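Colleague:
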Amino acid sequence: MKRFLPMLILAAAACSAPMVTNRSAKDQVLKAEKDFNDLAAAKGLAEAFYTFADDNAIIKREHDTLIVGRDNIRNYYSNPKYKDTNVSWKPDFVDVSSDGTLAYTYGKYVWTSKGPDGKPVEFGGVFHTVWKKQKDGSMKYVFD
């Protein structure tokens, strides 16, 4: 019995989810945020929000509307009213689960669009994004 318990503990530890280094996991999420932001600037909102969405992603938008699924998110941002709209953001905070499979970020964003007079209208706010590690190792958002 004295040998069985330590062996059982070692076996259980070997079967548990691997620990990831917190810094490398946070860096991966921050890179995903930056790549997401850069793609939005280069290719537009529809392409960026589609590319970085998990298949079952949800975004919460105006009047507490929930848009569910990558294709619906792309369709939402394909509306012509978003054609000349830009958004930029940068996380102020990131945290990652101990196994590196889930993370969340929050920070400030700036939304720029054309007003009725054709001049840029800018407003800002705070975003909160939940990220999930995919089977291929990449991070995709599940809630924004």
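The numbering used here applies: residue 102 is where the sequence shown begins, and numbers increase by one.
Note that CB positions come from ideal geometry on N, CA and C, so glycine has one too.
All values derive from a computational prediction rather than experimental measurement.
(1) Quick one: what's Leu203 bridged to in DSSP?
(2) Please state the DSSP three-state secondary structure of Asn187.
(3) Our contact map puts Tyr205 next to His229 with C-beta atoms below 8 Å; I'd like the distance itself, whole angstroms only.
(4) Quick test of the definition: if touching needs 3 or more C-beta pairs under 8 Å, does the stretch 185-195 touch the stretch 158-166?
(5) Give me the Cα-Cα distance between Val188 and Leu167, rounded to the nearest whole angstrom.
(6) Could you pull the start and end residues of the alpha helix (DSSP H) that Asn157 belongs to?
(7) Is the beta carbon of Ala133 closer than 8 Å to that of Phe153?
(8) If you reduce the DSSP assignment to three classes, tell me which class Ser214 lands in.
(9) Tell me the residue span of the beta strand (DSSP E) that contains Lys127.
(10) Sorted by chain position, which residues of the same chain lie with C-beta nearer than 7 Å to Leu146's C-beta, five sequence neighbours on each side aside?
(11) Closest by CA to Lys144, which one among Arg175, Gly225 and Arg124?
(12) Could you tell me the distance, in whole angstroms, from the CA atom of Asn123 to the CA atom of Lys220?
Modeller: Taking the definition as stated:
(1) Here Leu203 is bridged, per DSSP, to Lys233.
(2) strand
(3) 7 Å
(4) no
(5) Their Cα atoms are separated by approximately 19 Å.
(6) Per DSSP, Asn157 belongs to no alpha helix (DSSP H); it is in the beta strand (DSSP E), Ala154 to Arg162.
(7) yes
(8) strand
(9) Where Lys127 is concerned, there is no enclosing beta strand (DSSP E), although the alpha helix (DSSP H) it sits in stretches over Asn123 to Lys144.
(10) Tyr178, Tyr183, Thr186 and Val188
(11) Arg175
(12) 44 Å
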